[in-house]
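As structure tokens, the structure follows; a few thoughts come after it.
Protein chains: 2
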Amino acid sequence: MLKRDYEDQVCSIARTLEVVGDRWTLLIIRDVVLGHSRFDEFLDSLGIASNVLTDRLNRLVAEGVLERILYNKRPERFEYRLTKKGRELGPVLIALMQWGDRHVSDKPPRIARRRSDQSPVSVRLVAKDGSALAPGELELVPGPGARPPQPSKRKRAAPTRS
Amino acid sequence: MLKRDYEDQVCSIARTLEVVGDRWTLLIIRDVVLGHSRFDEFLDSLGIASNVLTDRLNRLVAEGVLERILYNKRPERFEYRLTKKGRELGPVLIALMQWGDRHVSDKPPRIARRRSDQSPVSVRLVAKDGSALAPGELELVPGPGARPPQPSKRKRAAPTRS
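If you read the sequences in order, they're chains A and B.
Using the numbering used here, the letters of the first sequence map in sequence onto residues 1 to 162.
Using the numbering used here, the letters of the second sequence map in sequence onto residues 1 to 162.
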């Protein structure tokens, strides 16, 4: 598995995957967007082991992606809602869904839409002027949080011939 | 782990995660966008075990996300490039990066930009009229590829009192 501390990964993609990179985690977040909020609903929807679900929910609450709300005192029952930080994962979910609709599913199993007017929603890469990006046009370059290049840590085999 | 065939998951998010849901896989794709193309470059960049890297590269080639190109005959050496299908994962990467820049990294370690004019690139949820979506406005509803609701497969405990 990936090291948890990512010492070699000064990268917001790697850091985000450290929070949501477990597949169950993204499916739990999807379930909350679908309207599920209770432990038993997630259990039914995902077919996940309950100890694994407990662990993932606790982690998402600790990370501030979900909040846990008491809705019944006796017996004590909680429901889970997305925080603002959690709602901001929407583009990740829709980007995954859009790719799957295009490349893996025959017909879209779900439609993403805007609550207020039911307008279909899509995810787009846009440049600063708002124009859509062609897929081959994307490049990643070092930003202000980059570290200077490090020497390779991997041992290279000595050349067998000189 | 998640079942490979997702019989209960008629969902393009789950199906996409079946292809790219392993964290190494998304970091390999990130590395290709960063300009890496060779086995040793991935090994250096990721600190991944070489057998795991071989497995993930083979899988991505089999899925049509990467293509393997012979660049040297003796010894036989290959490089890896994104296919069109692979390039279309750009919005997934940038959505993950944008969330990490906002919530996990102090300063952006990398900048996403458009190759032609170096304009900064962001990912947006947009409605059909092109207007940006507020985070709480997203909803997911059944689409044409949805199955009718299935009865729960989880055994419920019989009530202890009537």
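Virtual Cβ for every residue (Gly too), placed ideally from N, Cα, C.
Neighbourhood of residue i by C-beta, 7 Å cutoff - its chain only, sequence neighbours within 5 removed
i: S45/A; result: D31 and H36
i: D117/B; result: none
i: L27/A; result: L46
Cβ shell of residue i (< 8 Å), same chain only, five flanking positions each side left out
i: L138/B; result: L125
i: S162/A; result: Since pLDDT at S162/A reaches only 39, below the 50 mark, its modelled position is unreliable, and the value read off the structure follows with that caveat. Once the five neighbours on either side are set aside, S162/A has no close Cβ partner at all.
i: I94/B; result: A112, V121, S122 and V123
i: L70/B; result: E76, R77 and F78
i: V33/A; result: L82, G90 and L93
Exposure label - residue i; buried when at least 16 CB within 10 Å
i: S131/B; result: exposed
i: Q9/B; result: buried
i: T160/A; result: Per-residue confidence for T160/A stands at a pLDDT of 45, beneath the threshold of 50, marking its modelled position as unreliable; no derived number is given.
i: Y80/A; result: buried
i: P91/B; result: buried
i: V52/A; result: exposed
i: R56/A; result: buried
i: T25/B; result: buried
i: P109/A; result: buried
i: E76/B; result: exposed
i: A14/B; result: buried
i: L164/A; result: Absent from the structure is residue 164/A, since the part of chain A shown begins at 1 and ends at 162.
i: S50/B; result: exposed
i: D22/B; result: buried
i: F42/A; result: buried
Of the residues the options, the one placed nearest residue i, counting alpha carbons only
i: G86/A; options: V141/A, A62/A and R77/A; result: A62/A
i: G136/A; options: G143/B, K107/B, E88/B and Y71/B; result: E88/B
i: P84/B; options: S12/B, I29/B, C11/B and G143/B; result: It is Lys, not Pro, that sits at residue 84/B in the sequence shown. It is I29/B whose Cα lies nearest to the Cα of K84/B.
i: T16/A; options: G64/B, C11/B, N72/B and D101/B; result: D101/B
i: P144/A; options: Q118/B, I111/B and S122/B; result: I111/B
i: R113/B; options: L133/A, P109/A and S116/A; result: L133/A
i: Q98/A; options: Q118/A, D117/A and S122/A; result: S122/A
i: R68/B; options: I48/B, P142/B and R59/B; result: R59/B
i: L66/B; options: K73/B, F39/B, P75/B and H103/B; result: F39/B
i: R115/A; options: G21/B, V141/B, L43/B and V33/B; result: V141/B
i: A127/A; options: K73/B, A127/B, S119/B and K128/B; result: S119/B
i: R147/A; options: S105/B, E41/B, K73/B and S12/B; result: S105/B
Cβ-based neighbour list, residue i, same chain, cut-off 6 Å, excluding 5 preceding and 5 following
i: V19/B; result: E63
i: H103/A; result: none
Q | Under 8 Å (Cβ pairs) to chain B, residues found in the region 100-123 of chain A | A | For the region 100-123 of chain A, which is checked against every Cβ of chain B, the residues closer than 8 Å are G100, D101, R102, H103, V104, S105, D106, K107, P108, P109, R110, I111, A112, R113, R114, R115, S116, D117, S119, P120, V121, S122 and V123.
Q. Given a limit of 9 Å on CB to CB distance, which residues of the region 17-34 of chain A reach chain B?
A. L17, E18, V19, V20, G21, D22, R23, W24, L26, L27, R30, V33 and L34
Q: Ignoring anything shorter than 3 residues or poking outside the region 36-85 of chain B, list the beta strand (DSSP E) runs there in chain order.
A: The qualifying runs are 66-72 and 77-82.
**Q.** Segments assigned beta strand (DSSP E), at least 3 residues, entirely inside the region 109-143 of chain B
**A.** 110-114, 122-126 and 138-142
Q. If contact means a Cβ-Cβ distance below 7 Å, which residues of the region 49-79 of chain A contact chain B?
A. none
Q: Select from the region 80-91 of chain A all residues with a C-beta closer than 8 Å to any C-beta belonging to chain B, and list them in chain order.
A: Among the residues of the region 80-91 of chain A, those with a Cβ less than 8 Å away from any Cβ of chain B are K84, K85, R87, E88, L89, G90 and P91, in the order of the chain.
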